[in-house]
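Here's the structure, in structure tokens; my notes come after.
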Amino acid sequence: MLQKKETPLLTEGFSRIMSCNDDGDIKKAVDLYNALGPSDSLPSGIFCQKSKGPVQVGIMKFLKKGDTSTVEKSSGPKITLSETKPEQQKPLPKHEKVEEGMSCPMEIEKGLNDKNENEEHAKECDSGDVDSCTLAFPSISTADFQFDLDRASDIIVDTAADFLQKFDNITYIRLVLVDLSEKSRILSLVKEKASKKSIDCSRFFTFVGDITQLHTKGGLRCSVIANAANWRLKPGGGGVNAAIFSAAGESLHHATKKCADALRPGTSVVVPLPSISPLHQREGVTHVIHVLGPNMNPMRPDYLKNDYIKGSKILHEAYNSLFENFASIVRGHMGKQNEKLGPEMSASGGTSPNDTKMKREDSHGSERMKKHKLLPPIMTVKQQHECTKANMPNYHDKSITSSAAPNQAREGDTKKSGVVASKTWGSWAQALYELAMHPEKYKNTDSIMETSDEFIVLKDLYPKAKRHVLVISRTDGLDSLADVKKEHLPLLRRMHSAGVKWAQKFLEEDASLVFRLGYHSVPSMRQLHLHIISQDFDSTSLKNKKHWNSFTTPFFRDSVDVIEEIEQHGSATASSDEKILAMELRCHRCRSAHPNIPKLKSHIANCKSSFPSHLLQKNRLTSS
DNA sequence: GTTCTAGAAC
DNA sequence: GTTCTAGAAC
Numbered sequence: 001m002l003q004k005k006e007t008p009l010l011t012e013g014f015s016r017i018m019s020c021n022d023d024g025d026i027k028k029a030v031d032l033y034n035a036l037g038p039s040d041s042l043p044s045g046i047f048c049q050k051s052k053g054p055v056q057v058g059i060m061k062f063l064k065k066g067d068t069s070t071v072e073k074s075s076g077p078k079i080t081l082s083e084t085k086p087e088q089q090k091p092l093p094k095h096e097k098v099e100e101g102m103s104c105p106m107e108i109e110k111g112l113n114d115k116n117e118n119e120e121h122a123k124e125c126d127s128g129d130v131d132s133c134t135l136a137f138p139s140i141s142t143a144d145f146q147f148d149l150d151r152a153s154d155i156i157v158d159t160a161a162d163f164l165q166k167f168d169n170i171t172y173i174r175l176v177l178v179d180l181s182e183k184s185r186i187l188s189l190v191k192e193k194a195s196k197k198s199i200d201c202s203r204f205f206t207f208v209g210d211i212t213q214l215h216t217k218g219g220l221r222c223s224v225i226a227n228a229a230n231w232r233l234k235p236g237g238g239g240v241n242a243a244i245f246s247a248a249g250e251s252l253h254h255a256t257k258k259c260a261d262a263l264r265p266g267t268s269v270v271v272p273l274p275s276i277s278p279l280h281q282r283e284g285v286t287h288v289i290h291v292l293g294p295n296m297n298p299m300r301p302d303y304l305k306n307d308y309i310k311g312s313k314i315l316h317e318a319y320n321s322l323f324e325n326f327a328s329i330v331r332g333h334m335g336k337q338n339e340k341l342g343p344e345m346s347a348s349g350g351t352s353p354n355d356t357k358m359k360r361e362d363s364h365g366s367e368r369m370k371k372h373k374l375l376p377p378i379m380t381v382k383q384q385h386e387c388t389k390a391n392m393p394n395y396h397d398k399s400i401t402s403s404a405a406p407n408q409a410r411e412g413d414t415k416k417s418g419v420v421a422s423k424t425w426g427s428w429a430q431a432l433y434e435l436a437m438h439p440e441k442y443k444n445t446d447s448i449m450e451t452s453d454e455f456i457v458l459k460d461l462y463p464k465a466k467r468h469v470l471v472i473s474r475t476d477g478l479d480s481l482a483d484v485k486k487e488h489l490p491l492l493r494r495m496h497s498a499g500v501k502w503a504q505k506f507l508e509e510d511a512s513l514v515f516r517l518g519y520h521s522v523p524s525m526r527q528l529h530l531h532i533i534s535q536d537f538d539s540t541s542l543k544n545k546k547h548w549n550s551f552t553t554p555f556f557r558d559s560v561d562v563i564e565e566i567e568q569h570g571s572a573t574a575s576s577d578e579k580i581l582a583m584e585l586r587c588h589r590c591r592s593a594h595p596n597i598p599k600l601k602s603h604i605a606n607c608k609s610s611f612p613s614h615l616l617q618k619n620r621l622t623s624s
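Residue numbers (the UniProt record's numbering): 1 to 624.
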């Protein structure tokens, strides 16, 4: 239930930790403890019961379980009414007979509540081959993006026919166009046009139902589903996108973010769906392909102003990209089945020369999109220097931050050109650098407490505790711990001593304070700076999880440890990852967890526990 | 780094 | 209804 929470450890003082994944596990655990007599005991250790249940519910949902809007567990977890968009709430239509006079080979299947009527299909779909090779997709661009249905149906039928012809040797590859309503105009148009083209109805058909419940409600197994995504690949909005993200849970969101940040109209991206996703567990969906089509809605981004020449081209590209990506998944699956090679192949990885080509093209396509679309033009370090030279160092002055061109890391680019990727810095991240390079310009600022050739001591403008100062190195090119080498050791030692000196000075004024000296693993601001921060964290500027975790998790690297590490290894390699900043909030003294910043702050205002033992060693803390 | 704000959580 | 967070923008 506590999905983002740190797992408890035996070292925290527990003797036995059991993980329960579903109600059954919980009951077993409760029964186990209920059965204990006064002198009974259980073995110590960590006991993780393997998940058999379909989904791990969030704690809020667990507590609300009695709510009648949530469907009973017996039929598998269902989307609660409050989570679905109005169009997803409509009950699925009852099975209807195929319309009379329908001569085409296409079949219309109605969403089925009655399992018996779907038995035949379900049986067929249970075959591993078949379920691995069915793509269910919604009509792209015809809902919110208001693309003309007649033109769209032509494009769907054309691209599907081309695709199936290309794969006519793989008979069990199937494409299924899905829509919610039996009255769907796009379904009937596609059905009609497909019949005219005599497309094999076992390989391409339409289906009435909810794309997020094809297996459980419709008896149709589709391991790959397409999503009519938005360009930011964000959950929400409405329609299919909202429904898929909602049904797939957080893990789809995370998995998507790993694959791409944004999508260009006419392209698609494959996202392997983590096995913890309810959509994976319940419906057997292993991949979601996000597709972005052309937009004919003036209220939405990339509006094409009714330019159907461009629009049709983009819609063609969108379906081609979708089907090609689907093919790469199928090939990956076939590769696994046929070759049974030792090393695992990626879900989209193929093995034949053709596959390699396709994979390369695909990855090129997605790489192009990956992390790039939203980024502004890159600047060289020199350009950044030029750009910021003219500016004042007050890093919160908006006139500065808006005048300097932003720049951010584009690892892909630097890697490709063979240059080692080095972090680039946003305009707001330059202030300490400016100050370190030209302290004389700011000598009247009362924030500067000390200046030497090697460093500057500055009051943090947004202190995160009663006392919070920075010792900023003045060495040009030394921006973060990643840049620190053995040659910088004397500097680091002197920065440390300066920090200790200031801490002692503060202790003369308030002997109750306790100080910690250290660096952020990944600093937000350029120019190596050492934090000297009192451990009360009593400050209105400490506002969020990132602030807290940057000073109280391994993201904060104690100066003494950094120095020792560089002495031993020549560099500071143990730096922790930015992911840790999103962790739960725990008291830095007693390690208790708190649900939000205000509650954490009221706790730490009173917590008198001693500091964790590792902080009590090696002078990591400075106190009176 | 902060500010702003939509939407989630309460 | 208010509080709080997280992500975008700067």
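All residues carry an ideal CB built from backbone N, CA and C; glycine is no exception.
Distance between V208 and G237, taken at the CA atoms: about 22 Å.
In its chain, beyond the 5 residues on either side, C607 and S609 have a beta carbon closer than 7 Å to the beta carbon of C590. The beta carbon of S623 is closer than 6 Å to those of V514 in its chain, skipping five residues each way along the sequence.
Counting along the chain, the unbroken beta strand (DSSP E) around Y519 starts and ends at V514 to H520. If you draw a straight line from the Cα of H253 to the Cα of A572, it is about 33 Å long. The C-beta of H569 has fewer than 16 other C-beta atoms within 10 Å across all chains shown, which makes the residue exposed. Note: D558 is bridge-paired with G518 in the DSSP secondary-structure output. The shortest CA-to-CA distance from A429 to any of S512, V522, I244 and A482 is the one to V522. Taking T134 as reference, the option from V178, D154 and R557 with the minimal CA-CA separation is V178. A straight-line Cα-Cα distance of about 33 Å links V190 and K257. Boundaries of the beta strand (DSSP E) around A136: T134 to P138.
Boundaries cannot be given for R264, as no beta strand (DSSP E) includes it and DSSP labels it neither H nor E. Counting the other CB atoms within 10 Å of its CB gives G24 a total below 16, which places it among the exposed residues. The beta carbon of Y319 sits closer than 6 Å to the beta carbons of T159 from its chain, once the five residues preceding and following it are set aside; these are given in chain order.
Judged by DSSP in its simplified three-state form, I225 adopts strand.
CA-CA distance, A431 to L315, rounds to 46 Å. No Cβ-Cβ contact shorter than 8 Å links S524 with H468. Two segments are said to touch when three or more pairs of C-beta atoms, one from each, lie closer than 8 Å; by this definition the region 220–236 does not touch the region 183–197. Per the DSSP secondary-structure output, R586 pairs in a beta bridge with A593. Going by beta carbons, W502 and I456 fall outside the 8 Å limit. Residue T212 holds the alpha-carbon nearest to the alpha-carbon of G284 among V270, I309, S246 and T212. Excluding sequence positions up to five before and after L581, its CB lies within less than 8 Å of the CB of K545, K546, N549, S550, T553 and F555, all in the same chain and listed in chain order. Per DSSP, T451 lies in no alpha helix (DSSP H) segment; the continuous beta strand (DSSP E) that holds it begins and ends at I448 to T451. Each residue's CA atom was taken as its position, placing I309 and M334 some 37 Å apart.
Counting of Cβ neighbours within 10 angstroms places Y33 among the exposed residues, the total staying below 16. Residue state for S571 is assigned as coil, using DSSP reduced to three classes.
For the alpha helix (DSSP H) assignment, the uninterrupted runs of no fewer than 4 residues enclosed by the region 151–203 are, from N- to C-terminal side, 185–196. A Cβ-Cβ distance of about 23 Å is found for the pair I276 and F326, leaving them out of contact under the 8 Å criterion. According to DSSP, H287 shares a beta bridge with V224 and P272. Per DSSP, the continuous beta strand (DSSP E) segment holding V469 begins and ends at H468 to S473. Taking 4 residues as the shortest admissible run, the region 227–251 contains the following complete alpha helix (DSSP H) segments, listed from N- to C-terminal end: 239–248. Taking 8 Å as the cut-off, the beta carbon of D148 is found no closer than this to the beta carbon of R300.
At a Cβ-Cβ threshold of 8 Å, R557 and L616 do not count as neighbours. By the CB criterion at 8 Å, I244 and N227 fall inside the cutoff.
Of the residues L489, A247 and L233, the one whose Cα lies closest to the Cα of T216 is A247.
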